[in-house]
Amino acid sequence: MGRDAREDKCHSLSHTVQGLTLGESYVFRIRAENIHGASREGQESEPFIFSEQEESFTPTFPPRVVTLEPEEHFKGQYDILEELGKGRYGVVHKVRERRTGQRFAAKFVRCIKSKDREKVQEEVDIMNLLRHPKLLQLAAAFDGPREIVMIMEYISGGELFERVVADDFTLTEKDCILFMSQICEGVEYMHENYVVHLDLKPENIMCYTRTSHQIKLIDFGLAQKLDPSTPVRVLFGTPEFIPPEIINYEPIGVESDMWSVGVVCYVLLSGLSPFMGDNDAETFANITRADYDFDDEAFDAISQEAKDFIRALLIKGKEERLTASECLQHAWLAQHHDNMSCVKLSTDKLKKFIIRRKWQ
């Protein structure tokens with residue numbers, strides 16, 4: 001602390017600052033520059049002490065069963081810090097628990113109608129079931145007259161796809177194996193508890209920290225608890241990632257998530273969206289035909305085992321897809337670390353994919 005310096009420039013949405021001194025405290029500001037000039041500097045960050053990052057996962061708080069508390073308790077226990085993001089549901093802020101100083105993410109969900117409140121309660125109930133290190137954990141929830149505040153663990157690493165296209169990251173097939181294995185571990189736990197996520201996509205896969213290879217699955221707003229004896233049909237999801245049975249309004253199952261896992265894997269390895277058409281109707285037609293290929297040059301550097309893994313997931317008949325447990329036993333994910341390919345993969349197409357998704 002105590003001196004100002006222009007530290008670095010980057011062209012992607014995330015960046016790791018090099019050359020920091022262990023144990024030293026830093027604050028950062030960010031500004032944008034383009035051919036028209038530079039923006040004003042952003043808000044100063046909280047002080048950051050550079051320390052060695054542990055690669056192993058450490059829970060930030062003990063598991064707890066969350067019930068809705070009065071909103072007044074939230075106001076008395078937490079300080080609201082900077083905004084982390086916003087969407088159709090509301091806004092997410094970083095918050096600080098006054099008693100411990102611990103940071104959390106608080107999702108403020110607008111609840112004007114009773115059905116909105118019921119939907120958030122369903123999300124709370126589902127998150128209470130999901131006690132796994134690869135799944136985002138819920139710490140508390142507070143009920144107000146116009147909104148519900150969900151307090152969740154704070155994940156500082158950003159979206160996985162933005163991490164792997166950063167200027168300082170070299171993506172290899174070995175990295176993809178490590179990431180996909182963790183995704184399948186989290187999905188396996190959900191499915192063992194008869195929970196289907198129904199919105200597995202790049203934006204819902206987060207890195208635990210900026211330097212760790214640990215990931216977490218987030219956003220259980222569309223997740224459902226399944227009863228094996230009761231068929232469930234839905235008409236929602238993200239067009240590029242939904243399986244044929246949703247488009248055809250057929251019963252879904254835990255297998256529906258596995259299609260999305262296959263799409264995520266395809267995009268991660270190649271930067272290409274396997275079923276993307278010029279419009280949603282064309283995309284849906286490609287999905288219902290399971291019409292995709294590995295013809296692009298991006299797959300020239302990809303192993304046959306990786307392609308076999310994707311083929312075993314992008315199958316029209318959901319009962320034929322690999323389960324999450326079977327994925328973890330597949331030759332691609334189960335191979336010894338020494339056999340994993342460390343050939344650098346181009347991320348140029350993945351960068352374009354991310355930019356397109358941001359502007360959709």
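Residue numbers (full-length UniProt numbering): 1 to 360.
Where a beta carbon is used, it is the ideal one built from N, C-alpha and C, also for glycine.
If you're wondering where the values come from, they're calculated on a predicted model, not measured in any experiment.
Could you name each continuous alpha helix (DSSP H) segment of 4 residues or more that falls completely within the segment 81-133, going from the start of the chain to the end? The DSSP assignment places complete alpha helix (DSSP H) segments of no fewer than 4 residues inside the segment 81-133 at 114-129, in order along the chain.
Name the residue from E297, S270, F294 and V263 whose alpha carbon lies nearest to the alpha carbon of T283. Indexing the sequence shown from 1 puts residue 283 at position 283. Proximity to T283 across E297, S270, F294 and V263 peaks at V263, based on C-alpha coordinates.
Looking at C-beta atoms only, is the number of pairs between the segment 255-271 and the segment 191-206 that lie closer than 8 Å three or more? Contact holds: three or more Cβ-Cβ distances are below 8 Å.
If you follow the beta strand (DSSP E) that residue 376 is part of, which residue opens it and which one closes it? No answer is possible for residue 376: it lies beyond the span of the chain, which begins at 1 and ends at 360.
In whole angstroms, what is the alpha-carbon distance linking K115 and F241? For this step, residue 115 is matched to residue 115 along the sequence shown. For this step, residue 241 is matched to residue 241 along the sequence shown. Taking the straight line joining both Cα atoms gives about 26 Å.
Is DSSP giving P239 helix, strand or coil here? Along the sequence shown, one-based indexing puts residue 239 at 239. Here P239 carries a helix assignment [DSSP, helix/strand/coil].
Sequence-distant residues of its chain with Cβ nearer than 6 Å to L13 (five each side left out): Indexing the sequence shown from 1 puts residue 13 at position 13. In this predicted model, L13 has a pLDDT of only 48, less than 50, meaning its place in the structure is not dependable; the value taken from the coordinates is given anyway. The answer, listed in chain order, is E162.
According to the Cβ coordinates, are K344 and T172 closer than 9 Å? Along the sequence shown, read from residue 1 onward, the residue named residue 344 stands at position 344. Along the sequence shown, read from residue 1 onward, the residue named residue 172 stands at position 172. Yes, they are a contact pair.
Just how far apart, CA to CA, sit D280 and I354? Your numbering for residue 280 matches position 280 in the sequence shown. Your numbering for residue 354 matches position 354 in the sequence shown. Cα to Cα, the separation comes out at about 18 Å.
In chain order, what residues of the same chain lie with their CB nearer than 6 Å to the CB of K201, ignoring the 5 residues before and after it? The count along the sequence shown starts at 1 and reaches residue 201 at position 201. These residues qualify, in order along the chain: T238 and F241.
Am I right that K316 and A290 are in contact with their C-beta atoms under 8 Å? What's the rounded C-beta distance? Taking the first residue of the sequence shown as position 1, residue 316 is located at position 316. Taking the first residue of the sequence shown as position 1, residue 290 is located at position 290. Between K316 and A290, the beta carbon gap of about 4 Å places them in contact (Cβ cut-off 8 Å).
R110 to P70 span [Cα, whole Å]: If you number the sequence shown from 1, residue 110 lands on position 110. If you number the sequence shown from 1, residue 70 lands on position 70. Those two C-alpha atoms are separated by around 15 Å.
Between the segment 265-274 and the segment 298-315, are three or more C-beta pairs nearer than 8 Å? Cβ pair count under 8 Å is three or more, so yes.
Kindly indicate the opening and closing residues of the beta strand (DSSP E) around P70. To locate residue 70, count along the sequence shown from 1; it is residue 70. Secondary structure note for P70: its beta strand (DSSP E) is the uninterrupted segment L68 to P70.
Please name the residue or residues paired with M206 in a DSSP beta bridge. Position 206 of the sequence shown, counting from 1, holds the residue named residue 206. DSSP lists E159 and K216 as partners of M206.
Is DSSP giving L269 helix, strand or coil here? Start at 1 with the first residue of the sequence shown, and residue 269 comes out as number 269. DSSP places L269 within a helical segment (H, G or I) once states are collapsed to three.
Segment limits, alpha helix (DSSP H) that includes K278: Start at 1 with the first residue of the sequence shown, and residue 278 comes out as number 278. The sequence as given places Asp at residue 278; Lys does not occur at that position. Counting along the chain, D278 falls outside any alpha helix (DSSP H), and DSSP gives it neither H nor E.
Whole-angstrom distance between T288 and P62, CA atom to CA atom: Counted from its first residue, the sequence shown places residue 62 at position 62. Counted from its first residue, the sequence shown places residue 288 at position 288. Between the C-alpha atoms of P62 and T288 there is a straight-line separation of about 43 Å.
Please state whether the Cβ-Cβ distance between F74 and E153 is less than 9 Å. Reading the sequence shown from its first residue, position 74 is the one you call residue 74. Reading the sequence shown from its first residue, position 153 is the one you call residue 153. Not in contact: F74 and E153 (Cβ atoms no closer than 9 Å).
Over what stretch of residues does the alpha helix (DSSP H) that includes F353 continue unbroken? Taking the first residue of the sequence shown as 1, we reach residue 353 at position 353. Per DSSP, F353 belongs to the alpha helix (DSSP H) from D348 to W359.
Helix, strand or coil: which one does DSSP assign to A139? In the sequence shown, the residue the question calls residue 139 occupies position 139. DSSP places A139 in strand when its eight states are reduced to three.
Within the same chain, show all residues whose beta-carbon is closer than 7 Å to that of R131, passing over the 5 residues directly before and after it, in chain order. Locating residue 131 in the sequence shown gives position 131, where the first residue counts as 1. Excluding residues within five positions, the ones whose Cβ falls inside 7 Å are P63.
Under three-state DSSP, which class holds V196? As a working note, residue 196 is residue 196 in the sequence shown. Looking at V196 - three-state DSSP - the assignment turns out to be strand.
Mapping the DSSP letters down to three states, classify D167 as helix, strand or coil. Here the question's residue 167 lines up with position 167 in the sequence shown. In the three-state reduction of the DSSP assignment, D167 falls in the coil class.
Sub-9 Å separation of M150 and E118 beta-carbons: For the purposes of this step, residue 150 is identified with residue 150 of the sequence shown, where counting begins at 1. For the purposes of this step, residue 118 is identified with residue 118 of the sequence shown, where counting begins at 1. Result no, Cβ atoms of M150 and E118 do not sit closer than 9 Å.
For K225, the three-state DSSP class (helix, strand or coil): Numbered from 1 along the sequence shown, position 225 holds the residue referred to as residue 225. The answer is strand: DSSP assigns K225 an E or B state.
C327 to I183, Cα distance in whole Å? Sequence index remark: in the sequence shown, residue 327 carries index 327 (1-based). Sequence index remark: in the sequence shown, residue 183 carries index 183 (1-based). Spanning the alpha carbons of C327 and I183 requires a straight line of approximately 10 Å.
T172 - partner residues in DSSP beta bridges: For the purposes of this step, residue 172 is taken as the residue at position 172 of the sequence shown. Answer by DSSP bridge pairing, in chain order: K344.
Reducing DSSP to helix, strand and coil, say where Y249 ends up. By one-based count along the sequence shown, residue 249 stands at place 249. Judged by DSSP in its simplified three-state form, Y249 adopts coil rather than helix or strand.
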